[in-house]
Every structure is written in C-alpha cells, then in structure tokens.
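Residues in the sequence shown are numbered from 1026 upward in steps of one, following my numbering. By construction, the Cβ of each residue, glycine as well, lies at the ideal position given by its N, Cα and C atoms. These figures come from a predicted structure and were not determined experimentally.
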Amino acid sequence: MNDAQNEEVHSSNNVEELVSSKYVAFCDILGFSAKLANNFDATLDVYRRFGERLDPELFEHGVKMTMYSDAILLTSDELAPVLSAVQVLWFLALTEDLMIRGGVAYGRYWERRNGDHLMVVSDALAAAVKIESMVSVPAVALSDDIEIPLEFWAARYAEGPYAVPLLHFRDRNIVNPFSPIWGVSAAHRCRELMKASPAHKQKYLWFLALYDAVSSDSQLVPDSAFRELLEKEIIKWVPPRATLQLSDAGTGGG
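Set out below in structure tokens:
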C-alpha cells in the first residue's frame, strides 16, 4: 500500500470527520434498581412493556434512540424534536407508574454502530449525564448553556402551558411532562406513587408543585425572556385582571 492509499484509509477512519453537533438527552427511570431488588419479576414485566411501547415511530423524524438497562439516550440535530421525544418518554413512563430524570445538552457527538455494538464519544452526552446526576427531582433539565429561541417561550402564551414542550420552573429549564390530554391523570399517578414510596415524598411533592404551577397558568418563563416578550410586544397585559395574551404584533394580525 503506497503513501496515498495509507492517507486515504487514515482519513476514512478519522473520528473527527464523523463528529457532528447534536442535542443529546440522557434519561433514566427513577428507582429502577430498588424496584429490581424488591421484585425482579414484576419490574421486568413493567420494563418490557415500557420498552416495547417505545416505538421509534412515536418520535419526530431525525431523533435516534438507544435504550440500555434503565437509561435512554436520545439525539437529534435540533432541539425541538429532542424535547418532543422526552415528552413521549414521560407519557409512557407515567402510564406504567414510572418517573424519569435526565439532562439535555448540546455539543459534539460521534458514534459508530456495528451490529449490536455501539461506540459513543460525546461531550454533550457527558454533560447530559452530569446534569442527570445532579437533578434530585423527577425532571429532565436543560443545560444552562443551551440558547432557547424566544419563540419557544412565546409559545407558552400562544398555546398555553400544557401544550408546549419547555417550561421554566424553580430556576430550571425543563421538559414539560404534561400535555393537554395528560395532566390530571399524571398528578393522580404521582400521588399514588408517593403513597407507595413515602421515603421519596419530597421528589413527588416537587412534581405536584410543578403540576399546580401548570394548572394555575403560572408564568413558567424565565424573567429575562418574559421582559423581552413584553418589550417586543409579543405579549401584552389585557385588562381587567390582566391575562397575558399574544399581541397583534406577535401573531401577525392587523
């Protein structure tokens, strides 16, 4: 093999050529290890159902999922599809009386798949795993360095807090675990889980506080974004007893 051929092979195997920037979500099932220790067979049945229901067709185009043990890895070139995919995880988990915790980060990502083998090198994954380990409540939190376009926050007022994938709650940007058809039932399941596991009461109370904030139509937008929405007249106060709505400027109306 001559020098030119050597260079060609080296280039084709060069990891740097395959590196791309992606949004990466790393989520795990809360209490999975304890559930296995307490009742392996029952936990396995729940896990199988959960895994079987995680059909890739449920995710938006461009989202890739990998599941191993109690961890789920989601990747996409764009933020919105990852948020939507995590919402799917939330729905399926809660319907199986499970809760998830995780992190979302943006950065370099490289993977190589060979049959059943998967190799991943990613600073985004490392950051997402770190966020997951630091989140002490049932939430999937976004890295602070992810820039959130203003339209994500405007959607909260255009569509309501149940219908958007992103919320700001207690100093965190988090994936919304609720939806227009999945709010009361999610809170009910959380209360039942709290009764079954009183040792983790504080985690469940946090989730119920989030539900109360959503159901009461709280701000759920960072103060800085809220001010910008007002300054740009994308939202405005509508008297009496001010209900925030999109202004004509924000909706394109005349």
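A residue is called buried when at least 16 other Cβ atoms come within 10 angstroms of its Cβ; Glu1176 does not meet this threshold and is exposed. Taking all protein chains in view, the Cβ of Gln1112 is crowded by 16 or more other Cβ atoms within 10 Å, so the residue is classified as buried. Taking one beta carbon from each stretch, the segment 1173–1192 and the segment 1077–1089 have fewer than 3 pairs nearer than 8 Å; the two do not touch. Excluding residues up to 5 positions away in sequence, Phe1203, Ser1204, Pro1205, Gly1208 and Val1239 lie with their Cβ nearer than 7 Å to the Cβ of Tyr1187 in the same chain. Comparing C-alpha distances from Leu1245 to each of Arg1197, Lys1228, Ser1210 and Val1263 shows the shortest one belongs to Arg1197. If you check the CB distance, Gly1087 and Asp1102 come in under 8 Å.
Within its own chain, the residues whose Cβ lies closer than 6 Å to the Cβ of Ala1130, once the five positions on either side in sequence are excluded, are Val1049, Ala1149, Ala1152, Ala1153 and Ser1168, listed in chain order. Taking C-beta atoms as the reference points, Ala1166 and Ile1156 count as a pair closer than 8 Å.
Per DSSP, the beta bridge partners of Val1049 are Thr1100 and Ala1130. For the pair Ala1211 and Phe1116, the Cα-to-Cα distance works out to about 8 Å. Under DSSP, Ala1166 takes part in a beta bridge, and its partners are Gly1128 and Ile1199.
Here Glu1184 carries a helix assignment [DSSP, helix/strand/coil].
Each of Asp1242, Leu1143, Leu1235 and Ala1224 was checked against the Cα of Gly1056, and the nearest Cα belongs to Ala1224. Contact annotation: Asp1066 and Asp1095 have beta-carbon atoms that are not nearer than 8 Å. Rounded to whole angstroms, the Cβ separation of Arg1214 and Leu1114 is 15 Å, and the two are not in contact under 8 Å.
Residue pairing by DSSP places Asn1139 opposite His1142 in a beta bridge. Rounded to whole angstroms, Ile1125 and Phe1084 show a C-alpha spacing of 17 Å.
Val1111 sits in a helix when the DSSP states are folded into three classes.
Remark: C-beta atoms of Trp1231 and Val1162 approach each other more closely than 8 Å.
In terms of Cβ geometry, Leu1099 and Val1107 form a close pair [threshold 8 Å]. When the alpha-carbon of Asn1201 is set against those of Arg1138, Glu1217, Arg1181 and Leu1043, the nearest one is in Arg1181. Taking the CA atoms as reference points, His1142 sits about 12 Å from Tyr1093. Look at Ile1156 here: in three-state DSSP terms it is helix.
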